[in-house]
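Residue numbers (UniProt numbering), protein chains in the order written: chain D, 1 to 228; chain H, 1 to 228. For each residue, glycine too, the CB sits at the ideal point set by N, CA and C. This report concerns only the one structure given below.
Protein chains: 2
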Amino acid sequence: MAGRKATGSPGVTRENLADAALLLLEREGPKGLSMRKVAAEVGVQAASLYWHIRNKEELLDLASDALWEGYTPLPPGRTATADTWRDCLATASRRLRTHLLTHAGAVRVLAGRFAPGTRSPGPMEEMLALLRRAGFGPADTADAAYTLLTWVQGFVLHEAVPMSAAEEHGASPQEAAAEARERLAGLPADRYPHLVELAGELSGPGMDSRFEFGLARLLDGLEVLRGR
Amino acid sequence: MAGRKATGSPGVTRENLADAALLLLEREGPKGLSMRKVAAEVGVQAASLYWHIRNKEELLDLASDALWEGYTPLPPGRTATADTWRDCLATASRRLRTHLLTHAGAVRVLAGRFAPGTRSPGPMEEMLALLRRAGFGPADTADAAYTLLTWVQGFVLHEAVPMSAAEEHGASPQEAAAEARERLAGLPADRYPHLVELAGELSGPGMDSRFEFGLARLLDGLEVLRGR
DNA sequence: ACCTGAACACCGTTCAAGT
DNA sequence: ACCTGAACACCGTTCAAGT
Chain D
1 MAGRKATGSP GVTRENLADA ALLLLEREGP KGLSMRKVAA EVGVQAASLY
51 WHIRNKEELL DLASDALWEG YTPLPPGRTA TADTWRDCLA TASRRLRTHL
101 LTHAGAVRVL AGRFAPGTRS PGPMEEMLAL LRRAGFGPAD TADAAYTLLT
151 WVQGFVLHEA VPMSAAEEHG ASPQEAAAEA RERLAGLPAD RYPHLVELAG
201 ELSGPGMDSR FEFGLARLLD GLEVLRGR
Chain H
1 MAGRKATGSP GVTRENLADA ALLLLEREGP KGLSMRKVAA EVGVQAASLY
51 WHIRNKEELL DLASDALWEG YTPLPPGRTA TADTWRDCLA TASRRLRTHL
101 LTHAGAVRVL AGRFAPGTRS PGPMEEMLAL LRRAGFGPAD TADAAYTLLT
151 WVQGFVLHEA VPMSAAEEHG ASPQEAAAEA RERLAGLPAD RYPHLVELAG
201 ELSGPGMDSR FEFGLARLLD GLEVLRGR
C-alpha cells in the first residue's frame with residue numbers, strides 16, 4: 001500500500017504505469033527509471049508489470065504519450081482574421097516549448113520517441129488546423145507543421161539537456177552558461193575563429209530571445225511562401 | 001588479441017574506446033552498448049576501462065565527439081559573391097543532415113549530447129563563418145546558426161529514429177510509412193480532423209522534400225532579416 | 001602505468017506457482 | 001484475471017591485487 005500514487009484512479013493500469021514512469025524520469029533522471037522502481041511506485045512487484053505491458057520499450061512509449069497529457073490546444077479564441085495566423089502559430093509554438101520544458105527531465109530520454117503526430121496527436125493537429133486556416137494548401141500545411149514541430153523539439157532538446165545536466169551536477173544555470181562560454185573561448189582560435197569570437201553570444205543564457213529569433217525567421221519564411 | 005579493431009592506432013586509448021562505442025551503437029543499437037562489450041571490442045576487461053575514462057557517461061560524450069570525426073567543412077570553394085550565401089548555408093545544412101543520417105543508429109542515444117558548438121565545434125564554426133561572410137551581425141549570426149543546427153538535429157532525430165526502429169523491427173521504410181499513415185488515418189476524425197485528412201501528406205516517405213521545405217523557409221526568413 | 005578477478009548492487013525478463 | 005518468488009543472464013562500478 002505504501003507508495004501508491006495519489007493522483008489518478010488507483011488500480012494498476014497502463015496509464016498509471018506511464019505516469020509513474022514519467023514521474024520517476026523527472027524526479028530522478030534516466031537512471032531513476034527501472035521496472036522495479038515503477039512497480040514499487042504503484043505498489044506491486046516488478047514481474048507484475050509484464051501482465052500489463054510487453055516490456056520497458058512499451059512503457060517508454062506510454063510515458064511519452066503521458067507527457068502530452070496536460071497539453072490542450074488553445075481555445076479557438078477570437079475568430080481568425082487574416083493577420084492573426086502568424087500570432088496563432090507563434091503562440092502555439094511557444095506553448096509547445098513551455099510544455100516540453102515542464103518535463104525537461106524526461107525530454108532527453110523520450111526525445112525522438114514522439115514522432116510528430118503519430119504518437120501524440122494533439123500538438124500536430126493544432127498546428128495543422130492553424131496552418132489550414134491561414135490558407136496554406138494540404139502539402140504546405142503538412143510540411144510546415146512538420147518543420148515547426150521538429151524545430152521546437154530540437155530547440156528544447158538542446159535547451160533542456162544542459163539544464164538538467166547542470167542541475168544534476170549541482171550547478172546553477174548561470175554557472176553552466178559561464179562554463180560553456182569559457183569552453184568556447186578556450187578553443188584554438190586559429191581553427192575556430194568565429195566560435196571564439198562569438199563565445200559570448202553563443203553561450204548567453206538568453207534562451208527566450210534565441211527561441212524568438214528562430215520562430216520569427218520560420219514565420220517570416222512561411223509568410224514569404226504564403227504571399228507567393 | 002582477438003577483437004582488436006583494425007582501424008586507428010592499436011593501443012587502448014580514449015579515442016579507440018569512443019570509436020568502439022560508436023561502432024557498437026550503430027551495429028547493435030542502444031542495447032548493444034555496454035562497458036563489457038566495449039572492453040571486449042578493444043581486447044581488454046571491463047574493469048580496465050575505468051583507468052582511461054571516468055564512467056559510461058564520459059564514454060558517451062567521447063562517442064558523440066567521435067561521431068563528427070568524418071565531418072569536414074566544405075572547402076572555401078568559389079569565392080563568396082553576394083548571391084551565394086544562401087546556397088552555401090543550404091549546402092552546409094544538407095551535409096549536416098547527411099552526416100547525421102550516416103550515424104542514424106547512434107543519433108537517438110547521442111541526441112542532445114552534442115550541444116551546438118561546445119562539444120564538437122566543426123559544424124557550428126562552419127555555420128558561423130558562412131553567416132558572417134553573408135553580412136549578418138554577431139548576434140544575428142549566433143542566433144541564426146543556433147536555429148539552423150537545432151532544426152537540422154531535430155529533423156534528423158525524427159527521421160532517424162523511426163528508420164532504425166523500423167529496421168530493428170525488420171520492416172522496410174515503405175512498410176513503416178504505410179503503417180504510420182494507417183495509424184493517422186485511423187484516428188478519431190472528430191478530434192483530429194486535419195491529421196486524418198492529411199494522413200497521406202504527413203506520412204509520405206518524402207523526407208528529402210520535407211527537409212528542403214523547412215530549409216527554404218528558414219533561409220527565406222534569414223533573407224528577410226538581411227534585407228531589412 | 002596499466003590490467004585483472006572477483007565482488008557488489010542492481011538491472012530486464014521469464015515462468016511456474018499461487019489466489 | 002492478476003500477482004508473486006525465485007531464477008537467469010546481464011549490467012556499471014569498485015578495489016585489492018597483480019605486472
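Short check: CB of residue i to CB of residue j, under 8 Å?
{"i": "H:Ala-165", "j": "H:Ser-203", "result": "no"}
{"i": "residue 239 of chain H", "j": "H:Arg-54", "result": "Because chain H is modelled from 1 through 228, residue 239 of chain H falls outside the range shown and cannot be assessed."}
{"i": "D:Thr-147", "j": "D:Leu-219", "result": "no"}
{"i": "D:Gly-112", "j": "H:Val-152", "result": "no"}
{"i": "D:Arg-228", "j": "D:Phe-136", "result": "no"}
{"i": "D:Val-107", "j": "D:Leu-157", "result": "yes"}
{"i": "D:Phe-213", "j": "H:Asp-143", "result": "yes"}
{"i": "D:Leu-23", "j": "D:Met-35", "result": "no"}
{"i": "D:Leu-96", "j": "D:Pro-123", "result": "yes"}
{"i": "H:Leu-131", "j": "D:Thr-141", "result": "no"}
{"i": "H:Trp-196", "j": "H:Leu-215", "result": "It is worth fixing the name first, because residue 196 of chain H is Val in this sequence and not Trp. No, the pair does not count as a contact, with Cβ atoms beyond the cut-off."}
Near residue i, what residues of its chain come up, given a Cβ to Cβ distance below 7 Å and the 5 sequence neighbours on each side ignored?
{"i": "D:Gly-200", "result": "Arg-181"}
{"i": "D:Glu-26", "result": "His-103, Gly-105 and Ala-106"}
{"i": "D:Lys-56", "result": "Met-35"}
{"i": "D:Arg-14", "result": "His-52, Ile-53 and Leu-62"}
Since residue i and residue j should fall inside the 8 Å C-beta cutoff, what is the C-beta to C-beta distance between them, to a whole number of angstroms?
{"i": "D:Leu-33", "j": "D:Ala-46", "result": "So it is not a contact: roughly 13 Å between Cβ atoms."}
{"i": "D:Val-38", "j": "D:Leu-67", "result": "Going by Cβ atoms, the distance from D:Val-38 to D:Leu-67 rounds to 15 Å, so no, they are not a contact pair."}
{"i": "D:Leu-110", "j": "D:Ala-63", "result": "7 Å"}
{"i": "D:Gly-29", "j": "D:Glu-168", "result": "6 Å"}
Quick one: using the 10 Å Cβ neighbour count with 16 as the cut-off for buried, is residue i buried or exposed?
{"i": "H:His-194", "result": "buried"}
{"i": "H:Ala-6", "result": "For H:Ala-6, the predicted model reports a pLDDT of 43, less than 50, meaning its position is unreliable and no value from the coordinates is stated."}
{"i": "D:Pro-188", "result": "exposed"}
{"i": "H:Pro-121", "result": "buried"}
{"i": "H:Gly-170", "result": "exposed"}
{"i": "D:Glu-221", "result": "What sits at residue 221 of chain D in the sequence shown is Gly, not Glu. That one is buried."}
{"i": "D:Arg-191", "result": "exposed"}
{"i": "D:Glu-125", "result": "buried"}
{"i": "H:Glu-159", "result": "buried"}
Sorted by chain position, which residues of the same chain lie with C-beta nearer than 8 Å to residue i's C-beta, five sequence neighbours on each side aside?
{"i": "H:Ala-82", "result": "Because the pLDDT of H:Ala-82 is 49, which lies under 50, any placement of that residue in the model is unreliable, and the number read from its coordinates should be weighed accordingly. Hits under 8 Å: none found."}
{"i": "H:Met-127", "result": "Leu-89, Ala-92, Ala-144, Ala-145, Leu-148 and Leu-149"}
{"i": "H:Met-1", "result": "Bear in mind that a pLDDT of 35 at H:Met-1, under 50, signals an unreliable position, so the model cannot answer this."}
{"i": "H:Gln-174", "result": "Pro-205"}
{"i": "D:Ser-209", "result": "none"}
For residue i, which residues of its own chain have a beta-carbon under 6 Å away from its beta-carbon, when the five flanking residues on both sides are left out?
{"i": "D:Arg-18", "result": "The question names Arg, but residue 18 of chain D is Ala in the sequence shown. Leu-62, Ala-63 and Ala-66, listed in sequence order."}
{"i": "H:His-99", "result": "Tyr-71"}
{"i": "H:Leu-163", "result": "Note that residue 163 of chain H is Met in the sequence shown, not Leu. Once the five neighbours on either side are set aside, the close Cβ partners of H:Met-163 are Ala-104."}
{"i": "D:Val-12", "result": "Val-42 and Val-44"}
Under 7 Å (Cβ pairs) to chain D, residues found in the UniProt domain "HTH tetR-type" (11-71) of chain H: none
Beta carbons nearer than 8 Å to chain D: which residues of the segment 124-144 of chain H have them? Met-124, Glu-125, Leu-128, Ala-129, Arg-132, Pro-138, Ala-139, Asp-140, Thr-141, Ala-142, Asp-143 and Ala-144
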